[in-house]
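First up is the structure itself, then whatever we jot down about it.
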Amino acid sequence: MSFNGKYQLESQENFESFMKAVGLPDELIQKGKDVKSISEIEETGDNFKVTVTTGSKVLVNTFTIGKEAELETITGEKVKAVVQRNGNTLTVSLKGIQSVTELVDGNTLVNTMTFGGIVYKRTIKRM
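In UniProt numbering, the protein residues as written are 1 to 127.
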């Protein structure tokens, strides 16, 4: 299955506690907790461009599977990391945050991020 498409956040678990743990300011946490982010994924072979729009904040990351890339984290920091793919699952580790994104069916992505024992889960549906 292809990750290509535009997706909207449907639900999330542990948003506030996870964002506090990674150091996001309370003001941004409060602004972001009820915003339905839009994710657009462009997949061409092993090359990906992921654009996430949350309110007025736009986060764009481009990477090639298995190759080091500079990625922007949810706190705005840029770090070098390698995204791996195993079937319909993408995994990456960013500054102690382990992120797993799985295409569970043709229309649903589940992204699970873990940091210091706190698990933040997002379910995203194709638009």
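Even for Gly, the Cβ is constructed at its ideal location relative to N, Cα and C.
Can you check the UniProt domain "Cytosolic fatty-acid binding proteins" (5–22) for any alpha helix (DSSP H) of at least 4 residues that lies completely inside it and give the ranges in chain order?
15–21, all fully within the UniProt domain "Cytosolic fatty-acid binding proteins" (5–22).
Spell out the partners DSSP gives Met113 in its beta bridges.
Your numbering for residue 113 matches position 113 in the sequence shown. For Met113, which the question treats as bridged, DSSP gives the partners Ser99, Tyr120.
At the 7 Å Cβ level, is Gly96 part of the contact set with chain D, yes or no?
No chain D is part of this structure, which consists of one protein chain only.
Look at the alpha carbon of Gln84 and the alpha carbon of Lys31, and state the distance between them as a whole number of angstroms.
Start at 1 with the first residue of the sequence shown, and residue 84 comes out as number 84. Start at 1 with the first residue of the sequence shown, and residue 31 comes out as number 31. Counting only the Cα atoms, Lys31 lies some 31 Å from Gln84.
Which first and last residues belong to the alpha helix (DSSP H) in which Lys33 is found?
The residue you call residue 33 lines up with position 33 of the sequence shown. Note, Lys33: premise wrong, no alpha helix (DSSP H); not H, not E.
When the Cα atoms are used, what is the spatial distance from Phe18 to Ile97?
On the sequence shown, residue 18 is found 18 positions in, with the first residue counted as 1. On the sequence shown, residue 97 is found 97 positions in, with the first residue counted as 1. Spanning the two alpha carbons is a distance of roughly 10 Å.
I'd like the list of long-range same chain contacts for Ile38, defined as Cβ closer than 6 Å, with 5 residues on each side in sequence excluded.
Taking the first residue of the sequence shown as 1, we reach residue 38 at position 38. Excluding sequence positions up to five before and after Ile38, its CB lies within less than 6 Å of the CB of Gln8, Thr53, all in the same chain and listed in chain order.
In the DSSP assignment, what residue or residues form a beta bridge with Thr53?
In the sequence shown, counting from the first residue as 1, residue 53 sits at position 53. Among the bridge pairs identified by DSSP, Thr53 is matched with Ile38, Val58.
For Asp26, name the three-state secondary structure that DSSP assigns.
Mapped onto the sequence shown, residue 26 falls at position 26. Here Asp26 sits in helix by DSSP.
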